[in-house]
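Going down the list, the sequences are from chains A and B.
Per our numbering, residue 506 is the first one in the first sequence, and the count goes up by one each step.
Per our numbering, residue 938 is the first one in the second sequence, and the count goes up by one each step.
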Amino acid sequence: MNVSIVPALKVLRPAAMLVIVILVGLVLGYWANATFVPGNSPEQPIAFSHKIHAGDNEVPCLYCHTQARRSPSAGVPAVSKCVGCHLEVATEKPQIRLLMSYWENREPIPWIKVHDLPDFVQFTHKRHVLANIECQTCHGPVETMDRITVSSRAVDGSAEVGHPWKMGLCLSCHRENEVVNGTDCLTCHK
Amino acid sequence: MPNIDRREFLKLVGAGGVSVGGGFMLREANKDQPEYLIPHVLAPEDFSSGLDTFYNSVCSMCPAGCGISVRTREGRAKKIEGNPAHPVSQGGLCTLGQAGLQALYNPDRLTAPMRRAGAGDAGSFEEITWEQGLKQVGDRLDLLRAARRGNRVALLTQGVRGHLAQLLESFMRQLGSSRLLHYDFDHPHTLYAANQQFFGESRLPYYDLANTRLLLSFGADYLNNWISPVHHSLGFGESRQSRPDVRARFVQIEPRMSISGAAADEWIPAKPGTEGILALGMAHHIVAEGNYSGADRGAWTTALADYTPDAVAEQTGVPATTITRLADSFADTAPSLAIGGGAAGNHSNGVDTLVAVNALNYLAANIGQEGGLVFNPEPAGPASQQHQASYSAMVELAEAARQGEIDVLIINGTNPVFTLPPTAEFAEALAQIPLVVSLSSFLDETTALADVILPSHTYLESWGDDFPEPGMGFSVGAVSQPVVSPLYNTRGTGDIILDLARRMGASSVIPWQSMEEFLKYGWRRIYQRGDAQTLAQDFDAFWTSVLKAGAWGETTSGTTAFSLNPDVIASIGVAPPEFSGSEEDYPFILHPYLSANFHDGRGANLPWMQELPDPMTSVVYGSWVEVNPVTAEQMELSEGDLVDIQSPHGQLRVPVFIYPAIMPNVIAIPIGQGHGEYGRYAKDRGVNPIEILSPQLEPITGNLASSATRVSLTATGGRVKLVKTSGVSRDLGRDIVQHTGAGVEVSSAVDNSIPITEVTT
Chain A
506 MNVSIVPALK VLRPAAMLVI VILVGLVLGY WANATFVPGN SPEQPIAFSH
556 KIHAGDNEVP CLYCHTQARR SPSAGVPAVS KCVGCHLEVA TEKPQIRLLM
606 SYWENREPIP WIKVHDLPDF VQFTHKRHVL ANIECQTCHG PVETMDRITV
656 SSRAVDGSAE VGHPWKMGLC LSCHRENEVV NGTDCLTCHK
Chain B
938 MPNIDRREFL KLVGAGGVSV GGGFMLREAN KDQPEYLIPH VLAPEDFSSG
988 LDTFYNSVCS MCPAGCGISV RTREGRAKKI EGNPAHPVSQ GGLCTLGQAG
1038 LQALYNPDRL TAPMRRAGAG DAGSFEEITW EQGLKQVGDR LDLLRAARRG
1088 NRVALLTQGV RGHLAQLLES FMRQLGSSRL LHYDFDHPHT LYAANQQFFG
1138 ESRLPYYDLA NTRLLLSFGA DYLNNWISPV HHSLGFGESR QSRPDVRARF
1188 VQIEPRMSIS GAAADEWIPA KPGTEGILAL GMAHHIVAEG NYSGADRGAW
1238 TTALADYTPD AVAEQTGVPA TTITRLADSF ADTAPSLAIG GGAAGNHSNG
1288 VDTLVAVNAL NYLAANIGQE GGLVFNPEPA GPASQQHQAS YSAMVELAEA
1338 ARQGEIDVLI INGTNPVFTL PPTAEFAEAL AQIPLVVSLS SFLDETTALA
1388 DVILPSHTYL ESWGDDFPEP GMGFSVGAVS QPVVSPLYNT RGTGDIILDL
1438 ARRMGASSVI PWQSMEEFLK YGWRRIYQRG DAQTLAQDFD AFWTSVLKAG
1488 AWGETTSGTT AFSLNPDVIA SIGVAPPEFS GSEEDYPFIL HPYLSANFHD
1538 GRGANLPWMQ ELPDPMTSVV YGSWVEVNPV TAEQMELSEG DLVDIQSPHG
1588 QLRVPVFIYP AIMPNVIAIP IGQGHGEYGR YAKDRGVNPI EILSPQLEPI
1638 TGNLASSATR VSLTATGGRV KLVKTSGVSR DLGRDIVQHT GAGVEVSSAV
1688 DNSIPITEVT T
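As structure tokens, then:
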């Protein structure tokens, strides 16, 4: 008996092509999002510009992030810190008025966290600041950013804007600076 | 290649476009939710984010007064440990103290002032403001005070010491009321009375466990809940291991093996209530054998004439050879120490029993000795033991309420509806009082019957201080400071009382605006009494150093000179214990004991304590009755069988736990469970043995003889599975644990050199 699969293919072909196109499309869309959307640069409640503060006016990082030199976390300045200057400085700008409205209502500003490490990484700012590692080494050229973005001037050049930190970044720097026990698992994972 | 027509092509392009968008959104939806960095509005001065800040304070989970050190991060309390600088706890802390965090963060805390909604509808409250609540109470107090009817106000508090106690006292004096009662279920009234009688001391002495070489404990579960368990545990460890050639011996005398009994070298079950007779039997032997040579030897010989070892053996069930052996070693070992309390003090002859224990210490010359008992000096701060209310005082208060003599009752922290037997009819009495105000942090059984609730801070949020009782042989004090900002709309007990004092027009005498201010005022007086070194710094520096260290001490010690009043010797004697209920109807003696986890029930709302296995039985989340294996065999009971326990005053249904280390005619139930209120973790779990206690009294103190109730046991046929972490409690022929049944000598005990005393019933 001569059985041909051609008639069956004729029926199935459009459906098969549709499935293939949809799958390719899904992958393409997912990849496009992952590659081109700077996911780690969210819009903040106040359009605070590091470029104006740290860049143009050369305010030192530790002036606001005072905890960095003595605590694991760098800390976000209290609203009172912002107000300390902005009672006098640039009081007419709309974003400063927004800041003052938080202050007058005694409400904290709900900043969105940009730089984050997984919970299984034990990182402390204190050691790195005391070792005179520049903040920009990991945080990138913050002084040029209007809106903060995860970025890294990674020593091996592998990290690009928009990429989260990977373990290679830590390790290459630890190797380069010959940190004691710098590549030991328990140094960061404990 | 198949040819695709235009229609087909557009269809594919459309589908492709939609799916690219779909893929894009899929990734978008899978992204982590943004985390927020919420800054402070005002930068706090006392902590840095990411760094621990430690505050020293005082534990208030039980009356021992241990020093604690609380780790806080970003203004939140994270962990409680003992404060190494505090002489009581020396860095140690018990499980209940560790679980204090769960009192702070408890989801069932009262978060705002409340008033009973509608007419007398139990358990239904409406939220009010502090001003409303304080005004309602303050106005009433003001009226009563102006009409000179202040005695119609009663204040009932948990046992508090230090300046809060002083504040309550002057508050009540301003009202013109004598009805100030401190009530704790486990307050050792009989121990205080016995020490007053024998030593003429109104304070407890310091029991120097650390330096003793032989400890005889008559019923005092000193490692678990007797007076200051953390300090005793430290002393226990030191006496065993801190001296190179000396390892102290511990002998525990009690009808049911407690944790202290399990840790002892020798556990001796004497018939319940005969511990004092046993002590006098030993005393008789010491005097008769010439091991005591004091001038009053003749008087002792006369007083103890009836307590020959044979007569005592007959009464106590402990063999005469054991009595003489213990008496000889107690007299020969120096220093040795006898302590008594717990169930031994909670019989109808409680005071006499503890006087007999003191007599042993006297005859073995342990008084004022290192390793014996040392008298404490006057505490540096206010102490108010005289306000401790016995069971009889509570019954009187209830009676006064029923007679309509009380208009306002203010309750602080204590929970008498749970810790008094129903025969006291305390709940009924509360219903007769027009205004019942509770300052509790939780909706416990008593607070549920209140008319107005003015919720207090927990101890981790409030100011206070403590002068531990007993002292450490020298005077100790500590300030309890808030370690976190208040979580809810609550206020400190002291602040509430100060506010009420202002409202009733007593601010000329009680002028302080806050408890912190009053504490500073009180501590300034302590500072001014200080030595040159203290006065070299100004008061603020002194105050800061006391807060920082979490403890403060004076080197003054108590009196060492002691001469016994001869009348005491003549009056020595212990009558046989009296029990409620006849032996025919109620063949068993109920031994209720303070749970290691819940103390007198106050810890039952802490889930950590609920899930912590009981140290002796490993049972979690529930109640059980401990029954000797021989008894269980006779009654054909096995573990988990539900039995009805009937006393002359009530009945409980509870599962059986087979417990080899209990006398066959005694059954034991832990106190602490069986709450009808007190939050989701405590409510409707287990039974409360206090409910079936008979109102049998110790006549000298008027204290409840809580170990003097007889009960009967009836199998119901029902059965539950006990939740416990251990497997079988028997060694199944592996010969790893030596144990005895009734009247059985275990021969292998001799080989293992574990002294075991035979049990006779």
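All residues carry an ideal CB built from backbone N, CA and C; glycine is no exception.
Proximal residues of chain B, C-beta to C-beta of A/Gln572 below 7 Å: Ser985, Ser986 and Gly987
Along the chain, which unbroken stretches of the alpha helix (DSSP H) at least 4 residues long are found entirely within the stretch 1435–1512 of chain B? 1452–1465, 1469–1472, 1476–1486 and 1503–1507, all fully within the stretch 1435–1512 of chain B.
Supposed close pair B/Ala1320, B/Glu1226 - CB separation, criterion 8 Å: Contact flag wrong, Cβ pair sits at about 41 Å.
Among A/Glu563, A/Ser546 and A/Ala537, whose alpha-carbon lies nearest the alpha-carbon of B/Pro971? A/Ser546
Using a Cβ cut-off of 9 Å, pull out every chain B residue sitting near A/Ile527, in sequence order please. Near A/Ile527 (Cβ distances below 9 Å), the residues of chain B are Ala952, Gly953, Val955, Ser956 and Gly959.
So, helix, strand or coil for B/Asp1578, using DSSP? strand
B/Tyr1530 beta carbon less than 9 Å from that of B/Ile1606: yes
Could you list the residues in the stretch 972–983 of chain B with a C-beta less than 7 Å from some C-beta on chain A, going in chain order? Glu972, Tyr973, Leu974, Ile975, Pro976, His977, Val978, Leu979 and Ala980
Can you name the start and end residues of the beta strand (DSSP E) that B/Asp1265 belongs to? Not the beta strand (DSSP E): B/Asp1265 falls in the alpha helix (DSSP H), residues Ala1257 to Asp1269.
To the nearest angstrom, how far is it from the Cα of B/His1124 to the Cα of A/Leu635? If you draw a straight line from the Cα of B/His1124 to the Cα of A/Leu635, it is about 56 Å long.
Who are the Cβ neighbours of B/Ser986 in its own chain at under 6 Å, not counting the five residues just before and after it? Glu1011
Exposed unless 16 or more other CB atoms sit within 10 angstroms - verdict on B/Gln1189: buried
Reduced DSSP category for B/Pro1404 - H, G, I as helix; E, B as strand; rest coil: At residue 1404 of chain B the sequence reads Phe, which differs from the Pro that was named. Residue state, collapsed to three classes: coil.
Less than 9 Å between the beta carbons of B/Leu1372 and B/Ile1433, yes or no? no
Residue nearest to B/Thr1638 in terms of C-alpha spacing, selected from B/Gly1282, B/Leu947 and B/Ile1164: The shortest Cα separation from B/Thr1638 among B/Gly1282, B/Leu947 and B/Ile1164 belongs to B/Gly1282.
Within the stretch 1118–1201 of chain B, ranges of the alpha helix (DSSP H) (whole runs, at least 4 residues): 1126–1136, 1166–1178 and 1196–1200
Could you spell out where the beta strand (DSSP E) holding B/Tyr1530 opens and where it closes? Phe1525 to Leu1531
In terms of alpha-carbon separation, which member of B/Tyr1558, B/Pro1597 and B/Tyr1615 lies closest to B/Val1591? Of the candidates B/Tyr1558, B/Pro1597 and B/Tyr1615, the one whose C-alpha sits nearest the C-alpha of B/Val1591 is B/Tyr1558.
In terms of alpha-carbon separation, which member of A/Arg611, A/Asn562 and A/His679 lies closest to A/Cys590? A/Asn562
Using only CA atoms, which one of A/Thr596, A/Met650 and A/Pro615 lies nearest to A/Lys555? In the sequence on display, residue 555 of chain A carries His and not Lys. Sorting A/Thr596, A/Met650 and A/Pro615 by C-alpha distance to the C-alpha of A/His555 places A/Met650 at the top.
Considering only the alpha carbon of each residue, which of B/Ala1415, B/Ser1006, B/Arg1622 and B/Cys1031 lies closest to B/Arg1098? B/Ala1415
Excluding the 5 residues preceding and the 5 following B/Arg1484 in the sequence, name in chain order all residues of the same chain whose CB lies nearer than 6 Å to its CB. The displayed chain sequence assigns Leu, not Arg, to residue 1484 of chain B. Cβ neighbours of B/Leu1484 beyond the five flanking positions: Val1416 and Gln1418.
Give a yes or no on whether the minimum CB-CB distance between B/Lys1208 and chain A is below 9 Å. no
So with Cβ pairs under 9 Å, would you call A/Leu533 a contact of chain B? yes
What are the boundary residues of the beta strand (DSSP E) that B/Asn1349 is part of? Val1345 to Asn1349
For the stretch 1628–1648 of chain B against the stretch 1398–1405 of chain B, are there 3 or more C-beta pairs whose distance is under 8 Å? no
Any beta-carbon of chain B closer than 9 Å to the one on A/Gly580? True, the Cβ-Cβ gap to chain B drops below 9 Å.
With a threshold of 9 Å between beta-carbons, can A/Pro519 be considered close to chain B, or not? yes
Just the chain B side, please: which residues come within less than 9 Å of A/Pro623 by C-beta, in chain order? By Cβ distance, chain B contributes nothing, its closest Cβ being about 10 Å from A/Pro623, past 9 Å.
Contact criterion: CB-CB distance below 9 Å. Does B/Lys1015 meet it with respect to chain A? B/Lys1015 does not count as touching chain A.
So, does the CB of B/Met962 fall closer than 9 Å to a CB anywhere in chain A? yes
Can we count B/Thr1149 as close to the ligand ATP, meaning its CB is less than 8 Å from some heavy atom? Questions concerning the ligand ATP fall outside what the structure shown contains, since it holds no ligand whatsoever.
By how many angstroms is the C-alpha of B/Leu1153 removed from the C-alpha of B/Asn1640? Note on geometry: alpha-carbon atoms of B/Asn1640 and B/Leu1153 lie some 24 Å from one another.
Contacts that B/Leu949 makes with chain A (C-beta to C-beta distance below 7 Å): Met522, Leu523 and Val526
Opening and closing residue of the beta strand (DSSP E) in which B/Gly1308 lies: Where B/Gly1308 is concerned, there is no enclosing beta strand (DSSP E), given that its DSSP letter is neither H nor E.
Within its chain, find whatever has a CB closer than 7 Å to the CB of B/Ala1264; leave out the 5 residues flanking it on each side and keep chain order. Excluding sequence positions up to five before and after B/Ala1264, its CB lies within less than 7 Å of the CB of Met1219, His1222 and Ile1223, all in the same chain and listed in chain order.
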